[in-house]
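Chains as they are written, first to last, in the numbering used here: chain A, 1 to 290; chain B, 1001 to 1651; chain C, 2001 to 2198; chain D, 3001 to 3143. Inspection log for the structure reproduced underneath, given as structure tokens.
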Amino acid sequence: MKTLQFFPGCSLLGFNEAYYKSAIALGKIIGYQLEEIDDWNCCGATAYFSISEERTFLANARNLAIAQRNADELTVACGACYASLSKTARYYTQSRKLKFLMDSALKEAGMVYDGKVIVRHLLEVVFNEYPKGELAAKVVRPLKGIKIAPYYGCMIFRPIPAPIPRDALEQLIQLSGAIPVDFSAKDKCCGGMLVNNRPDVGLELVRNLLSEAQMKEAQLIITTCPLCQINLELYQGAVNRKYDTEFKIPVIYFTQMLGYAMGASPEELRLGTELISGLDVLKKAEVAKA
Amino acid sequence: MKIGVYICHCGTNIAGVVNVKEVTEYASSLPNVAVARDYKYMCSEPGQNLIGDDIRQYGLDGVVVAACSPTMHEPTFQTAVSRAGMNPYMFQMASIREHVSWVTVDPEEATEKAKKLVEAAAARVSLQEPLAKRRIPVRQSVLVVGGGIAGIEAALKCADAGKKVYLVEKEPSIGGHMAMFDKTFPTLDCSQCILTPKMVEVVRNENIELLDYSEVEEISGHVGDFKVSVVRKPRYVDSTKCTGCGICSTKCPGKAPDEFNMGMSKRKAIYIPFPQAVPLKALIDRDSCLYYQKGICKVCAKFCTAGAIDFDQEPDHLSLEVGAVILATGFKPFDARRAREYGYGKYPNVITSLEFERMTSSSGPTGGKLVLKDGREPESVAIIHCVGSRNVNDNLYCSKICCMQSLKHAHLLKEHIPGVTVYDFFIDLRAAGKGYEEFYRRVMGEGTIMIRGRPALITDVPSAPVEKGKLVVVAEDTILSTVQRYPVDMAILSIGLEAGEDAKELARTFTCSRTADGFFLEKHPKLAPVSTPTAGVFIAGACQGPKDIPDSVAQAAAAAAEALAMMGKGYFELEPYVARVTEELCSGCGVCLNLCAYNALEKDPQTGLTKVVEALCQGCGACVAACPSNALDLDGFKTKQVAAELEGILA
Amino acid sequence: MPEASWWESKELSFVYERILSLAEGNRIFECIQCGTCGGACPVSFAMDRTPRQVINLVRSGRMEEALKSESIWLCASCYNCAAECPAGIKITDVMYTLKVASTELGIHHKNSLGPVFAKTLVSQLESGGRIAEVQLILRVAVHKLGLLTTLNPVIYLKLFMAGRVKLRGEKVKRMEELKKMNGWLIASSFSLEEKDRV
Amino acid sequence: MSERKRLRIVALLCRWCSYAGADLAGVSRTKYASDVLPIKVPCSARMDPQLVIRAFSEGADGVLLAGCHPGDCHYLKGNYKALRRFMLLKKYTSQMGIEDERLRLEWISASEGARYAEVVNEMSARVAKLGPLNWRREIPIET
């Protein structure tokens, strides 16, 4: 049982508790436990960069400094957090100026950071730390015949690409018995905060994603980022109203999919808290099997 | 030791600033100086005679001329002194124009500096030794590596001049990439029609020995006398017997993707690369041959009336001796898969410019028909420039040919499919060349839609009914500043040129360096564009950098001329600056050995001491500076000579 | 590296300096205006200036036009442009710098809600250290009633039933640490555009 | 000025790039300090550390070494060899109390006449600031 130092981020404590809980449940099965880092603060997402790059780097420097007390690794599940934290960690080592900035400010707060922390995305950990065979062996509820669209969102591959192949999710979908669809929008933008700030624009992006998923006959979309989940699921109604479409595609987390395939109970995985039931779709597999 | 010193006024160029008289007086006071004079123009006929007369009269054995820079007139005065019977390397120049009068304001300072330089030169001359340029005989034969248009041209030129030419081609046929093209821009004459005669001439010319399906293994020796070992790969067909009738191919059951058609069609396991192949001989591809894979078949042997099939053929090793080498090893087309955003390999109707060339060729996989993978004729086509070029993620350089190639394709499309819509996406359109701009206008006139913008994406996901079943090219029209989606049936990627796979290998074999992007480095970008730092090795065609056909041919001729000039002279003259070993001092430590960039130093097996191979030594002196026991020294730049110059300056 | 063009108003030239001092910031001068960024950008269809134009405005010193363009606040920071750019320009970082200046100077397009959202989020962050989504969204929505219609209450009701709504956001215990750090920043008047610091 | 005139700085120039660069400075009539005197050598790699030490001991107040830019060496990699030697030589000269400014290695191409002038002026100004080196000290004999 390996222990992962974990940075949940605000939204995993908010709308997206399901992501957090399912990540824990998945860990129980494949062999990791999440250890939330002490008194972490918000990563500032994309908004903080728009107010002050300096302060954004400082806020994240604090997180890194805290993380470093226990381990040289910090696992993150949220795309935005992953981007901000990894960008900070990267720039700390690359820019003397930013290093100076962070070091001095941390000193002021009586903290230190040595630049050693490696920021990892949960997907990358799951994909790289466990042999595919091992994972496949743990699948007890193969998701036979279910067509799933893998959706990475932006932040896993940009600006700082996580060290995983571009079909990591596809491979995970396959080993849980389901069929990955060729989802060319898999790393296209979900609209981010635009969906909230500029619905007229944001919803357009959501629609584009959904319509490809539908065109490729995906019954389910799995994501690796809470904001993507919110945008794709919550706003399907709004999209349908705006473009009079009839999208009804459940959007769940890759951790929920894996967890379910590996036999975790829907309750543990908080399956059912999504507004468009992904559980119903997952259940179809058993029907098909029986 | 008697030295004559001559100070030039160079009109007022020198005398205007430097007090020539003063310098002359100073010179005459220097040790070993028998005579010191000044004159208006030393380089003039009377000026030169002045020196000659003194040499005879005073029996001078050293001469210093203080005038312009040696780069200007050293040769002039060297000939002058040798005409008077003095060794030209007993001569030294002091540059008091470029390095003094033209760059100094204060006449006093200038005069002082001039004195020092003269003193230094005089001190140096008194320690200089007579030297003679080294002459190396040059063999009357050339090795041409690469049988593309550049290689063919160079080979023919040298052969026509009556020299023996070995043309080495690693493919089973010569012709290179040009043989794959259908039409050539801007004149649109058929590529095969202008190339084939030259290919045939190669085999017909008795001065050329074509080594097809062969590669250079190793090269030793030096300019004028290279020893080359070449391996000839087995064709498993006896070329001397094969008539090229092709019956074997028709009967052969083994199939493989046809390289010549970019894998768009199949060829047999025993095959002739293409109808106009030279030599027109069959060969067997082991990987797809049933006999080699399963041990059965041998159908070809049964049907070959000439009995040419030879399953046990072995690689053939030849060794050649040549005076000069011309590298014309060409380029490698950019692998379009690397441009992920365009989905080459994922979308069947996204093709490369080279595939398009084969498609338009009547001998190509579609018999000259421009069709989609499902056989339909495209109604709309996008042509994308700069694929793999001008991009920090691939190659920074411009591939030079893609603009014209794309325009040509636009024209061919309009010609083959009346009413087809052609979008041509370019960043900057570079039509610099004779008749190129005119061709550009012509293509625009034919109704090709030119869009200034580099597409960011090709997708098959429609966002509107019109896009259903189409490829959608997403690009910003940077003139209109609007981002648009262009639905098309086919997209042609105009792929750039890259240095050949074996360029690195070849560069090591022939000790010629490469630029950062992997192409061969010329000796001087402007004044020695087809020479390499290695004397006797020349480069031609796209192996030196992206190039179109006219440029390649011109360069090939230039390289041939360089080689011929060398052979015509019969010998190659090397400057006398050579490293020498004083065996008494050499400890055989070998520090110098791997410092030499030309392998001119070797350990003498008997004595164990360092030995200099004169012919290879280029006289850089890297070894001399390194020798811990001062056993090495450099003729013409001996430590004592440079030291004397130093002391002269510092005296 | 070219100087900020003379015709641009003095008080904006610092934005220019800031962009140039970004990691590889001066690459904007290598922009070949190919428009790949526009094609790669998911929201360019809504932009009044394509990213390419923004870059050109910036490098020709027409900073005010750049700041007033709606595009900079439409940028969703998906980094697709930066990933595809054949000139290796970090367009997203340029956009960020422009956003910062736009909020600092209060110069932005009238439609842009971005500044409000950013400010709201940051004020929450800097007071409590963490974000409570509901509060955030509602507080932003106040600024533009139109929004309430898109995020129709029904959804939130559903979310609430599903037990996904936390009304009270969590807070960071040791806020003083963050405060001290930002305190130093202000005191030291450190800013990224100072090129030769340390 | 008179102070400057007594200074003697030697410039060892590779004949392919830097010497040609100096020529270009002349052809384009660029004026520069007159106390830097050029010596032509085949390649920066020929610049024997002994010669540099010799120069100082013969009374040079500064030594400028110049060769082709990295990658442009006429003898392929001579300038890299020169650079490596220069590093070591620096260690030695600083040990011997010769100030950093007195020994300098520069890459000057045949097209960089202006640069040659600039380098020379810098060099002579810096050395002027330091004053004469007087490395060739006689050992005072007590009587």
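The beta carbon of each residue, even a glycine, is placed where N, CA and C say it ideally should be. As the structure is a prediction and not an experimental result, all values here were calculated from the model.
| Query | Result |
| --- | --- |
| Euclidean distance between Cα positions of leucine 34(A) and glycine 44(A) | 22 Å |
| Cβ separation of cysteine 42(A) and leucine 2125(C), assumed to be a contact under 8 Å, to the nearest whole Å | 5 Å |
| Contact set for alanine 3011(D): own chain, Cβ-Cβ below 6 Å, skip 5 residues either direction | Val3036, Pro3038, Leu3064 |
| Helix, strand or coil at leucine 1527(B) according to DSSP, with G and I counted as helix | coil |
| Short CB-CB distance (under 8 Å) between serine 1513(B) and chain D | yes |
| Cysteine 154(A) versus serine 184(A) - alpha carbon distance | 13 Å |
| Bridge partners - arginine 1442(B), DSSP secondary structure assignment | Answer by DSSP bridge pairing: none, since arginine 1442(B) is not bridged. |
| Cross-strand partners of methionine 1093(B) (DSSP beta bridge) | Val1065(B) |
| Helix, strand or coil at serine 3034(D) according to DSSP, with G and I counted as helix | coil |
| Enclosing beta strand (DSSP E) for histidine 1073(B) [first to last residue] | Per DSSP, histidine 1073(B) belongs to no beta strand (DSSP E); it is in the alpha helix (DSSP H), 1070-1083. |
| Through-space distance from asparagine 1019(B) to valine 1642(B), alpha-carbon basis | 27 Å |
| Separation of glycine 1648(B) from tyrosine 1026(B), as counted between CA atoms | 13 Å |
| Environment of tyrosine 3116(D) [buried if 16+ CB atoms lie within 10 Å] | buried |
| contact_flag[the region 1083-1103 of chain B, the region 267-283 of chain A] where n(CB pairs < 8 Å) is 3 or more | no |
| Those residues which DSSP pairs with cysteine 3014(D) across a bridge | Val3041(D) |
| Own chain, CB closer than 7 Å to methionine 1262(B), minus 5 neighbours either side, in chain order | Leu1354, Glu1355, Arg1358 |
| Start-to-end residues for the alpha helix (DSSP H) that takes in glutamate 1321(B) | Not the alpha helix (DSSP H): glutamate 1321(B) falls in the beta strand (DSSP E), residues 1316-1322. |
| Sequence-distant residues of its chain with Cβ nearer than 6 Å to aspartate 1604(B) (five each side left out) | Lys1611 |
| Minimum Cβ-Cβ distance from asparagine 231(A) to chain B less than 8 Å | no |
| Chain D within 8 Å of valine 1005(B), Cβ atoms only | no |
| Where methionine 111(A) falls: helix, strand or coil (DSSP) | coil |
| C-beta contact flag for serine 1249(B) and tyrosine 1213(B) at 8 Å | no |
| At least three beta-carbon pairs within less than 8 Å, the region 1153-1170 of chain B to the region 1557-1577 of chain B | yes |
| Given glutamine 229(A) as reference, the closest of Asn70(A), Tyr253(A), Lys28(A), Lys248(A) once Cα atoms are compared | Tyr253(A) |
| Which residues DSSP lists as bridging glycine 1221(B), in chain order | Phe1226(B) |
| Beta-carbon spacing of alanine 3025(D), leucine 3013(D) below 8 Å | no |
| Proximity of tyrosine 233(A) and leucine 275(A) at Cβ, strictly below 8 Å | First, the amino acid is wrong: residue 233(A) is glutamate here, not tyrosine. It is a contact, given that the beta carbons lie within the stated cut-off. |
| Endpoints, the beta strand (DSSP E) within which proline 1275(B) is located | Here proline 1275(B) belongs to no beta strand (DSSP E), and DSSP marks it neither H nor E. |
| Three-way DSSP call (helix, strand, coil) for glycine 259(A) in this model | helix |
| Sequence-distant residues of its chain with Cβ nearer than 7 Å to glycine 2183(C) (five each side left out) | none |
| Backbone secondary structure at tyrosine 253(A) - three-state DSSP | strand |
| In DSSP terms, what tryptophan 3107(D) is bridged to | Gly3067(D) |
| Same chain only: Cβ atoms within 8 Å of proline 3132(D), ignoring 5 sequence neighbours per side | Arg3006, Leu3007, Asp3061 |
| Where the region 2075-2096 of chain C meets chain B: residues whose CB sits under 7 Å from a CB there | Glu2084, Pro2086, Ala2087, Gly2088 |
| Euclidean distance between Cα positions of phenylalanine 2029(C) and glutamate 1476(B) | 20 Å |
| Under 8 Å by beta carbon: chain B residues contacting glutamate 212(A) | Val1461 |
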